[in-house]
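Q: Residue numbers (the working numbering): 1202 to 1469.
Submitted below is the structure of interest, expressed as structure tokens.
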């Protein structure tokens, strides 16, 4: 079996698998959103974890950690991010792509654009993406000439940082970010999350599900690598005029894998 990404005993709330499972608790998910946004939500649809969106056959599909909808039709996408500030440009473009994919998946052909619901894309980061020392960064479209003028298209992007000072968020969210950063659980809300984490990790069936999840992640990464290599091979053959053998050699493809790529290209 493919080796797990991390040992089961090492998982915590910042790991996607645990984060998704905890957010399947509607009360905790609702309280988290209310704390971040400073709003009241009457009801959330049951959290849908790892929602997959395929806009059309040639587009890049996405998997969303948490995708929920409230009673007014507002959509919330919450993601846990642990890659680091070095990936800021990648993460910002990922937010852009997530927004576009959600919109395209929602709006049926022929429907007016005004039917697009309000959306919030929220990235909870274990690092400070922007290095400003804040716990929360909120982005909407504003005019450069007049920052008080907001082009309200119904979209909001929020980045939370576990490395922030906690002064610009609610006490519950500040405690949660400290907890994500490794501090003990403080306050009723975070203690409830910590208890949910322990409850999930105490279930043997969850351990088995995590092994399957890890294997699927590894398989997806392998497939992504294969697609990148195949694309690179095609480009080198078509644009540089190289033979398949030379292209594979220059890309450092191991001898044991070359027959696989050769067969794929020949059968394409």
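Just so it is clear, CB atoms sit at the ideal spot from N, CA and C, and this is done for glycine as well.
Leaving out five residues on either side along the sequence, give the residues of the same chain with a beta carbon under 7 Å from the beta carbon of residue 1364.
A: As a position in the chain shown, residue 1364 is number 163, starting the count at 1. So the list reads 1328, 1329, 1382, once near-sequence residues are dropped.
Q: How is residue 1346 classed by DSSP in three states: helix, strand or coil?
A: Position 145 of the chain shown holds residue 1346. Three-state DSSP puts residue 1346 in coil, outside helix and strand.
Q: If we count the other Cβ atoms within 10 Å of its Cβ and call it buried at 16 or more, is residue 1456 buried or exposed?
A: By 1-based counting over the chain shown, the position of residue 1456 is 255. It counts as exposed.
Q: List the DSSP bridge partners of residue 1382.
A: Your numbering for residue 1382 matches position 181 in the chain shown. In DSSP, residue 1382 forms no bridge with anything.
Q: If you draw a straight line from the C-alpha of residue 1343 to the C-alpha of residue 1208, how long is it?
A: Residue numbering aside, residue 1343 sits at position 142 when the chain shown is read from its first letter. Residue numbering aside, residue 1208 sits at position 7 when the chain shown is read from its first letter. Each residue's alpha carbon lies about 45 Å from the other.
Q: May I ask which residues mark the beginning and end of the alpha helix (DSSP H) holding residue 1234?
A: Here residue 1234 refers to the residue found at position 33 when the chain shown is read from its first residue. 1227 to 1238 is the span of the alpha helix (DSSP H), which, as asked, contains residue 1234.
Q: Where do the ends of the beta strand (DSSP E) carrying residue 1361 lie?
A: Indexing the chain shown from 1 puts residue 1361 at position 160. Its beta strand (DSSP E) spans residues 1356 to 1362.
Q: When burial is assigned at 16 or more other CB atoms within 10 Å of the CB, is residue 1413 buried or exposed?
A: As a first step, residue 1413 must be located in the chain shown, where it is residue number 212. The residue is exposed, with fewer than 16 neighbouring Cβ atoms inside 10 Å.
Q: Can you find the residues in the same chain that come closer than 7 Å, C-beta to C-beta, to residue 1468, ignoring five residues on each side of it along the sequence?
A: In the chain shown, the residue the question calls residue 1468 occupies position 267. No residues qualify anywhere along the chain.
Q: With residue 1320 as the anchor, note down where its beta strand (DSSP E) starts and where it stops.
A: Residue mapping note: residue 1320 aligns to position 119 of the chain shown, counting from 1. Note, residue 1320: beta strand (DSSP E), 1320 to 1326.
Q: For residue 1302 and residue 1378, I'd like the C-alpha separation in whole angstroms.
A: Within the chain shown, residue 1302 is the residue found at index 101, counting from 1. Within the chain shown, residue 1378 is the residue found at index 177, counting from 1. Each residue's alpha carbon lies about 28 Å from the other.
Q: On the CB-based measure, 16 or more other CB atoms within 10 Å of its CB, does residue 1341 come out buried or exposed?
A: Working through the chain shown from its first residue, we reach residue 1341 at position 140. Classification for residue 1341: exposed.
Q: Apart from the five residues just before and just after residue 1324, which ones in its own chain have a Cβ nearer than 6 Å to its Cβ?
A: As a position in the chain shown, residue 1324 is number 123, starting the count at 1. Around residue 1324: 1280, 1282, 1360.
Q: Per DSSP, what kind of secondary structure is residue 1452 in: helix, strand or coil?
A: On the chain shown, residue 1452 is found 251 positions in, with the first residue counted as 1. Residue 1452: coil per DSSP, three-state reduction.
Q: Which one of 1357, 1242, 1392 has the shortest CA to CA distance from residue 1374?
A: Taking the first residue of the chain shown as 1, we reach residue 1374 at position 173. Minimum Cα distance to residue 1374 is reached at 1392.
Q: If I measure Cβ to Cβ from residue 1481 and keep anything under 6 Å in the same chain, skipping five residues before and after, which residues do I get?
A: It is not possible to answer for residue 1481, since the shown part of the chain is limited to 1202 through 1469.
Q: The beta strand (DSSP E) spanning residue 1340 covers which residue range?
A: Walking along the chain shown from the start, residue 1340 turns up at place 139. Note, residue 1340: beta strand (DSSP E), 1337 to 1340.
Q: How far does the beta strand (DSSP E) with residue 1278 in it extend, from its first residue to its last?
A: In the chain shown, counting from the first residue as 1, residue 1278 sits at position 77. Its beta strand (DSSP E) spans residues 1276 to 1282.
Q: Please name the residue, chosen from 1444, 1335, 1389, that lies closest to residue 1366 on a Cα-to-Cα basis.
A: Residue numbering aside, residue 1366 sits at position 165 when the chain shown is read from its first letter. From the listed residues 1444, 1335, 1389, the smallest Cα separation to residue 1366 is found for 1335.
Q: At the level of alpha carbons, what is the spacing between residue 1256 and residue 1332?
A: Looking up residue 1256 in the chain shown gives position 55. Looking up residue 1332 in the chain shown gives position 131. Note on residue 1256: pLDDT 49, under 50, position unreliable in the model; the coordinate value appears next. Between the C-alpha atoms of residue 1256 and residue 1332 there is a straight-line separation of about 34 Å.
Q: Please report the straight-line C-alpha distance between residue 1424 and residue 1417, rounded to a whole angstrom.
A: Within the chain shown, numbered from 1, the residue matching residue 1424 stands at position 223. Within the chain shown, numbered from 1, the residue matching residue 1417 stands at position 216. Those two C-alpha atoms are separated by around 10 Å.
Q: At which residue ranges does the region 1402 to 1448 contain complete beta strand (DSSP E) runs of 3 or more residues, listed in the order of the chain?
A: List check, beta strand (DSSP E) in window: nothing returned.
Q: Please classify residue 1299 as buried or exposed, where buried requires at least 16 neighbouring CB atoms within 10 angstroms.
A: Position 98 of the chain shown, counted from the first residue, corresponds to residue 1299. Buried.
Q: Are three or more beta carbon pairs between the region 1402 to 1411 and the region 1345 to 1355 nearer than 8 Å?
A: No, they do not touch.
Q: Quick check: residue 1219 and residue 1431, are their CB atoms within less than 8 Å of each other?
A: Start at 1 with the first residue of the chain shown, and residue 1219 comes out as number 18. Start at 1 with the first residue of the chain shown, and residue 1431 comes out as number 230. Going by C-beta atoms, residue 1219 is not nearer than 8 Å to residue 1431.
Q: Just the C-alpha distance for residue 1314 and residue 1308, rounded to the nearest angstrom, thanks.
A: If you number the chain shown from 1, residue 1314 lands on position 113. If you number the chain shown from 1, residue 1308 lands on position 107. C-alpha separation (whole angstroms): 8 Å.
Q: Distance, Cα to Cα, residue 1259 vs residue 1233?
A: Locating residue 1259 in the chain shown gives position 58, counting from the first residue. Locating residue 1233 in the chain shown gives position 32, counting from the first residue. With a pLDDT of 42 at residue 1259, under the threshold of 50, the predicted position of this residue should be treated as unreliable, and no value is reported.
Q: Does DSSP classify residue 1256 as helix, strand or coil?
A: The residue you call residue 1256 lines up with position 55 of the chain shown. Any answer about residue 1256 is weak, because its pLDDT of 49 lies below 50 and its placement is not dependable; what the coordinates show is given next. DSSP places residue 1256 in coil when its eight states are reduced to three.
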